[in-house]
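Student: Dumping the structure here so I can ask a few things about it.
Protein chains in written order, with the numbering used here: chain E, 1 to 114; chain G, 115 to 224.
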């Protein structure tokens, strides 16, 4: 069975400073991992995904994440936060064996201060 | 392509009433999912379908039923609504790993 833990429920950064959203996962198989973003009163949008290719994954809007099997982590980073990055971010794991449903973390709310 | 659409966008029900939420996708995806989102809980899977005519239970299936009579549609039914079912409901579809989400349905049960 898979599970995912987002280590911070809320992260606050100043505009122009780096963003780090932390995620640890548990999976019985080689997992697929995702980060989704949800802006207020909106649906979910895929930021990036890892599916057993390169361990450093680049996504949209300057975000990237690194898959570290030894640490069972998939942290999301961005060098410089923008006001428009303020949103809820979800780390998600899927069993890499097939099309099993996604398991979501509880989310991290990112606030960006001007 | 419209992607994934959900009907209705908002609904208020009284306890004990029934309703059906409709999800439609035009991407010819085999897999479809229904999630609910509650504050601080992330998204939790209610039911899913791996193809036309098939359905399976997710993490929180109690109080809900689903049907997938056509490949492009996935219906979520509440037979007797309860206040605990007040939530935002998201439908998604996928071909392999990446899921595409609808805009959500905000349901309030009073």
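Quick reminder that beta carbons are idealized off the backbone N, C-alpha and C, glycines included.
Return the chain-ordered list of same chain residues with a C-beta closer than 6 Å to the C-beta of residue 193 of chain G, the five sequence neighbours on each side being excluded.
Tutor: For residue 193 of chain G, where only same-chain residues beyond five positions count, the Cβ hits under 6 Å are 132.
Student: Using a Cβ-Cβ cut-off of 8 Å, state whether residue 51 of chain E counts as contacting chain G.
Tutor: So yes, residue 51 of chain E belongs to the interface.
Student: Would you mind reading off the limits of the beta strand (DSSP E) that contains residue 176 of chain G?
Tutor: Per DSSP, residue 176 of chain G belongs to no beta strand (DSSP E) and is neither H nor E.
Student: Using a C-beta cutoff of 8 Å, does residue 217 of chain G count as contacting chain E?
Tutor: Answer yes: the Cβ-Cβ gap between residue 217 of chain G and chain E drops below 8 Å somewhere.
Student: Along chain E, in chain order, which residues have C-beta atoms closer than 7 Å to that of residue 146 of chain G?
Tutor: Residues of chain E passing the Cβ test: none, with the nearest at roughly 10 Å.
Student: Which residue marks the beginning of the beta strand (DSSP E) containing residue 74 of chain E, and which one marks its end?
Tutor: Element bounds for residue 74 of chain E: 73-78.
Student: At which residues does the beta strand (DSSP E) containing residue 216 of chain G begin and terminate?
Tutor: Premise fails: residue 216 of chain G is in no beta strand (DSSP E) and is neither H nor E.
Student: Name the DSSP bridge partner or partners of residue 56 of chain E?
Tutor: Note: residue 56 of chain E sits in a beta bridge opposite E:66.
Student: Looking at the unbroken beta strand (DSSP E) that takes in residue 189 of chain G, where does it start and where does it end?
Tutor: Segment 187-192, the beta strand (DSSP E) holding residue 189 of chain G.
Student: Here's the rule: buried if 16 or more other CB atoms are within 10 angstroms of the residue's CB, otherwise exposed. What is residue 161 of chain G?
Tutor: Label assigned to residue 161 of chain G: buried.
Student: Could you please give the first and the last residue of the uninterrupted beta strand (DSSP E) stretch that includes residue 162 of chain G?
Tutor: From DSSP, the beta strand (DSSP E) with residue 162 of chain G extends over 156-163.
Student: Tell me residue 206 of chain G's beta-bridge partners as DSSP assigns them.
Tutor: DSSP lists G:147, G:215 as partners of residue 206 of chain G.
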